[in-house]
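Positions in the sequence shown are counted from 1; adding 1370 to them yields my numbering.
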Amino acid sequence: MPNERNKKLVKEIKEKIETANSITFTDYAGISADQANALRQKVKDAGGEVLVAKNTLFKAAIDENGDKSITDAKKDLEGPTMTIFGFKDPILPIKALFEFAKNIDLPKVKSAIIEGIYNSAEKVSVIKTIPSKEELLTKIVSSMNSPISGFVNTISGVQRKFIFAVNAIAKKKTEGGAN
């Protein structure tokens, strides 16, 4: 019979699973406590959260959740597992993980669920090259803005030339009328 503390942990994990945009499972064997704390801070700064819990508790939370994509990840819950949840941008916490891991090659990614889709470690490694959601939106807006800005500048140029021509004609007439 599970104790109250474990029931509470399972409930917390289930809530995190339901609210997260991304869930990344990693093997953290070999990471020191200081390194783990540095990773926690890096992930937190990226809008995520790091959780280390027993695999049995995580599996119980997955069973309670019942979502197919998260159920696929149960097979990755073997050995020491550190889980990274992304709550705002699904990619930023994963990028923070890769940024951290590039110096020490730890932790090793097992898999990730990104916006409801299960991804193997190989697929997740491609994510480090993908721009964040915010970067993509900025690129889209600027590419949409470019033709509009060009059009506005063209219209403004025509308007400026017209006003310049009218002013030149008016000046010529006033100079011509003064003589």
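Glycine is no exception: its CB is placed at the ideal position from the N, C-alpha and C atoms.
The structure presented is a predicted model; accordingly, all values stated were derived computationally and were not measured.
Give me, in chain order, the residues of the same chain whose beta-carbon lies closer than 6 Å to that of residue i; leave out the 5 immediate sequence neighbours on both sides.
{"i": "L1462", "result": "A1416, G1417, S1502"}
{"i": "L1476", "result": "G1400, I1401"}
{"i": "V1413", "result": "V1420, I1454, P1463, A1466"}
{"i": "V1422", "result": "M1452"}
{"i": "G1546", "result": "none"}
Considering just the uninterrupted stretch of the beta strand (DSSP E) at residue i, what are its terminal residues?
{"i": "L1421", "result": "1418–1422"}
{"i": "A1482", "result": "1478–1484"}
{"i": "D1397", "result": "1392–1397"}
Which same chain residues end up closer than 8 Å to residue i when comparing Cβ atoms and leaving out the 5 residues on each side of it in sequence?
{"i": "K1429", "result": "K1444, L1447"}
{"i": "N1549", "result": "Unreliable placement is indicated for N1549, whose pLDDT of 48 sits below 50; the coordinate value is still reported in the next sentence. Nothing listed; no residue qualifies."}
{"i": "K1531", "result": "none"}
{"i": "N1391", "result": "G1456, F1457, K1458, D1459, P1460, I1484, E1485"}
{"i": "L1427", "result": "N1376, L1379, V1380, I1383"}
Just mark residue i as buried or exposed, buried being the case when its beta carbon has 16 or more other beta carbons within 10 Å.
{"i": "V1494", "result": "buried"}
{"i": "K1543", "result": "exposed"}
{"i": "L1379", "result": "buried"}
{"i": "Q1529", "result": "exposed"}
{"i": "I1525", "result": "exposed"}
{"i": "N1373", "result": "exposed"}
{"i": "N1523", "result": "exposed"}
{"i": "I1533", "result": "exposed"}
{"i": "F1521", "result": "exposed"}
Quick one: what's residue i bridged to in DSSP?
{"i": "N1489", "result": "A1482"}
Hey, quick one: how far does the alpha helix (DSSP H) through residue i stretch, first residue to last?
{"i": "T1453", "result": "That residue, T1453, is in no alpha helix (DSSP H); its beta strand (DSSP E) goes 1451–1456."}
{"i": "S1439", "result": "1438–1442"}
{"i": "P1463", "result": "1462–1474"}
{"i": "I1383", "result": "1374–1389"}
{"i": "E1434", "result": "1425–1435"}
{"i": "K1414", "result": "1403–1415"}
To which residues of the same chain is residue i closer than 7 Å at the C-beta, ignoring the five residues directly before and after it?
{"i": "E1504", "result": "D1459"}
{"i": "D1442", "result": "Y1488"}
{"i": "I1637", "result": "Beyond the ends of the chain as shown, which are 1371 and 1549, falls residue 1637; an answer cannot be given."}
{"i": "P1450", "result": "D1397, Y1398, A1399"}
Exercise. Do the segment 1386–1403 and the segment 1469–1485 make contact, defined as three or more Cβ pairs closer than 8 Å?
Worked result: yes
Problem set entry | Inter-stretch contact at 8 Å, needing at least 3 Cβ pairs: the segment 1405–1425 / the segment 1447–1459 | yes
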